[in-house]
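Residue numbers (this note's numbering): 83 to 319. Presented below is the structure to which this report refers.
The structure is reproduced here in structure tokens:
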């Protein structure tokens with residue numbers, strides 16, 4: 083799908099991979115609507131995009147809050163047009179430092195599921211109706227290698243991302259032949275605040291630059307070969 087003149091909704095758009103995706107998709111000619119809980123960092127990203135001649139909008143919202151989903155989507159559609167591409171990027175690790183499951187409280191698990199799994203599910207449901215009417219649309223769920231590997235202390239994040247991956251597979255099967263596509267993309271380990279929160283002693287030199295990963299994700303989106311689970315880590319470039 084050529085993203086020029088397409089309406090793209092990106093959650094978690096104020097920093098890290100979300101910010102990088104916003105910049106790359108805007109440079110490619112998309113109208114990007116960015117969502118995050120804190121509006122001020124979003125406005126800075128929008129200003130950066132506009133300074134480069136792009137079109138972007140900042141929307142305050144929490145994907146983990148079910149009451150926020152339709153107002154958030156309504157505002158995005160009003161500003162950027164009916165959503166052509168949804169990128170579910172916002173996520174939470176849960177409590178940091180990361181803890182083994184035996185020390186993890188149920189409320190932390192419920193919150194991780196609300197943000198990492200149920201929120202993306204609600205947003206996808208909300209955009210798919212309009213996409214089906216138009217016969218075209220793409221939902222990109224940002225995944226993780228933690229969704230397929232059993233890393234100690236990553237339990238609630240891993241489980242929530244694994245659930246999102248499986249929802250993606252089921253939805254892709256159900257949407258086959260409709261003109262709509264649902265994929266998950268594993269970005270690999272990146273030099274972001276989230277990674278630093280999870281692994282404070284990691285060497286940033288060994289981690290991918292989010293901007294490079296965003297370019298690979300844009301390439302996947304524009305390439306049109308929508309395998310259900312894809313890698314955007316450096317080794318897949």
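We treat Cβ as the ideally placed atom computed from N, Cα and C, and that holds for glycine.
Status (buried if at least 16 other CB within 10 Å, exposed otherwise) for residue i
| i | result |
| --- | --- |
| residue 288 | exposed |
| residue 162 | buried |
| residue 87 | exposed |
| residue 120 | exposed |
| residue 176 | buried |
| residue 248 | exposed |
| residue 115 | buried |
| residue 222 | buried |
| residue 237 | buried |
| residue 74 | Here the chain covers residues 83 to 319 and nothing more, so residue 74 does not appear. |
| residue 323 | Since the displayed the chain opens at 83 and closes at 319, residue 323 lies outside it and no answer follows. |
Residues near residue i by beta carbon distance below 8 Å, same chain, minus five either side
| i | result |
| --- | --- |
| residue 312 | 265, 266, 267, 268, 302 and 318 |
| residue 98 | 272, 274, 275, 276 and 292 |
| residue 240 | 226, 228, 229, 231, 232 and 233 |
| residue 300 | 85, 103, 106, 107 and 110 |
| residue 309 | 265 |
Cutoff 7 Å; reference residue i; Cβ partners in own chain excluding five residues on either side
| i | result |
| --- | --- |
| residue 154 | 117, 141 and 143 |
| residue 197 | 145, 146, 172, 173 and 174 |
| residue 279 | 175 and 178 |
Cβ shell of residue i (< 6 Å), same chain only, five flanking positions each side left out
| i | result |
| --- | --- |
| residue 212 | 164 |
| residue 101 | 127 |
| residue 195 | 242 |
| residue 217 | 261 |
For residue j and residue i, believed in contact at Cβ under 8 Å, the rounded distance
| i | j | result |
| --- | --- | --- |
| residue 167 | residue 220 | 5 Å |
| residue 113 | residue 89 | 5 Å |
| residue 205 | residue 170 | 6 Å |
| residue 257 | residue 199 | Rounded, the Cβ-Cβ distance is 18 Å, inconsistent with contact. |
Touch test, the stretch 261-274 against the stretch 282-301, Cβ-Cβ under 8 Å, three pairs minimum
Here the stretch 261-274 lies against the stretch 282-301, with 3 or more beta-carbon pairs under 8 Å apart.
Does the count of Cβ pairs from the stretch 180-199 and the stretch 130-140 closer than 8 Å reach three?
Using a Cβ-Cβ distance cut-off of 8 Å, the stretch 180-199 and the stretch 130-140 are not in contact, since fewer than three pairs of beta carbons, one from each stretch, lie closer than that value.
Touching or not, the stretch 251-258 and the stretch 225-237, by the rule of three or more beta carbon pairs under 8 Å?
Contact between the stretch 251-258 and the stretch 225-237 is absent, because fewer than three Cβ pairs lie under 8 Å.
Of all the beta strand (DSSP E) runs that stay within the bounds of the stretch 94-154, which reach a length of 3 or more residues?
Taking 3 residues as the minimum length, the beta strand (DSSP E) runs contained wholly in the stretch 94-154 are 113-118 and 137-142, in order along the chain.
Of all the alpha helix (DSSP H) runs that stay within the bounds of the stretch 267-297, which reach a length of 4 or more residues?
Whole alpha helix (DSSP H) segments, 4+ residues: 275-280.
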